[in-house]
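Structure, as structure tokens:
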Amino acid sequence: MIVHINLSDGKPYLLSVADAIATLSDEAGFQSGDQARITCGGLRLPSGEIIILTGLLFERGNRHVFIVWLRSSKRCRARDRSESLDFDTAELADAMVDVRGEVTLADGRVIRAVQPIPAKLPYEITDLDWRMVHQTISAAKAEDRCYLHLPDCGEADLIATARELNLLNYTALLGLDKIPYLKVIQGELLKHDPKVFPVSTPETN
Numbered sequence: 553m554i555v556h557i558n559l560s561d562g563k564p565y566l567l568s569v570a571d572a573i574a575t576l577s578d579e580a581g582f583q584s585g586d587q588a589r590i591t592c593g594g595l596r597l598p599s600g601e602i603i604i605l606t607g608l609l610f611e612r613g614n615r616h617v618f619i620v621w622l623r624s625s626k627r628c629r630a631r632d633r634s635e636s637l638d639f640d641t642a643e644l645a646d647a648m649v650d651v652r653g654e655v656t657l658a659d660g661r662v663i664r665a666v667q668p669i670p671a672k673l674p675y676e677i678t679d680l681d682w683r684m685v686h687q688t689i690s691a692a693k694a695e696d697r698c699y700l701h702l703p704d705c706g707e708a709d710l711i712a713t714a715r716e717l718n719l720l721n722y723t724a725l726l727g728l729d730k731i732p733y734l735k736v737i738q739g740e741l742l743k744h745d746p747k748v749f750p751v752s753t754p755e756t757n
């Protein structure tokens, strides 16, 4: 069984491919001769704008796959030899990255110094937000539609892995038509963790 490990859990998403490679080197033993693959997924914002979620996947020989996430973006900056580039983030899909941070795109071009231009999100998603999203998917029995399939991830651990890494099919999520009431979702979360919602205290004069 492939084990997926999210190195970005509880940490800010990174600002460059070089930062991601440094994290993989420090925490996953990424070294000379290794390659990481870039994965991209679209996220449709309430405004209708689509931004790209970009991650680097590195599979080690012990069947552990490490993933580290970059900031969400629509465009990226990079260098091609001495030339500066500005391109759609989606062009990074399935590119391969070596320990020097050189990125070989799917069409064979080699670029370096890749930096996503961070997208402006309407708000920052908290851990509680994620838990409520996952509970909504579970209550709607829509796991097979709303979670993305990672490569080499067996069906048995697909949902658990996708939940841990927050890998969502946002198009399917937006299309859910049997969403429970908010109080039902909150009630289910409270069953599993009575302290999940902060307790408010009355103001004193």
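Every number in this note's numbering is 552 more than the matching position in the sequence shown, counting from 1.
Ideal Cβ placement from N, Cα and C applies to all residues, glycine included.
Taking the C-alpha atoms as reference points, what is the distance between Thr606 and Tyr699? 16 angstroms
C-alpha distance - Leu725 paired with Gly585, whole-angstrom precision: 39 angstroms
According to DSSP, residues forming a beta bridge with Ser612: One point to set straight first is that residue 612 is Arg, not Ser, in the sequence displayed. The partner list for Arg612 (beta bridge, DSSP) is empty, contrary to what the question assumes.
Using DSSP's beta-bridge definition, name the partner residues of Ile619. Asn558 and Leu609
Along the chain, where does the alpha helix (DSSP H) containing Gln687 start, and where does it finish? Asp679 to Ala691
Alpha carbon to alpha carbon, how far is Cys592 from Phe639? 14 angstroms
Whose C-beta lies closer than 8 angstroms to the C-beta of Val655 among residues of the same chain, with five residues either side of it excluded? Val569, Ile590, Ala630, Leu644, Ala647, Met648, Val649, Val662, Ile663, Arg664 and Val666
Three-state secondary structure (DSSP) at Val569? helix
Can you tell me which of the three DSSP states Thr756 falls into? Here the model assigns Thr756 a pLDDT of 46, short of 50, so the residue's position is not dependable, and the following value carries that caveat. It is coil, neither helix nor strand.
On the CB-based measure, 16 or more other CB atoms within 10 Å of its CB, does Ile669 come out buried or exposed? exposed
What span of residues does the beta strand (DSSP E) with Gly594 cover, start to end? Ala588 to Arg596
Beta-bridge pairing of Asp640 - partner residues as DSSP gives them: Arg627
With DSSP collapsed to three states, give me the class of Tyr699. strand
Which residue or residues does DSSP assign as beta-bridge partners of Pro670? Ser625
Meets three-Cβ-pair contact criterion under 8 angstroms: the region 609-616 and the region 684-691: no
Give me the Cα-Cα distance between Val617 and Glu579, rounded to the nearest whole angstrom. 12 angstroms
When burial is assigned at 16 or more other CB atoms within 10 Å of the CB, is Leu566 buried or exposed? buried
Extent of the continuous alpha helix (DSSP H) run through Ile737: Leu734 to His744
Leaving aside the five residues before and after Arg627 along the sequence, list all residues of the same chain whose C-beta is less than 8 angstroms from its C-beta, in chain order. Asp638, Phe639, Asp640, Thr641, Pro668 and Ile669
Beta-carbon gap between Gly600 and Thr723 smaller than 9 angstroms: no
Backbone CA spacing between Arg683 and Gly653 [nearest angstrom]: 34 angstroms
Alpha carbon to alpha carbon, what distance is there between Pro732 and Arg715? 19 angstroms
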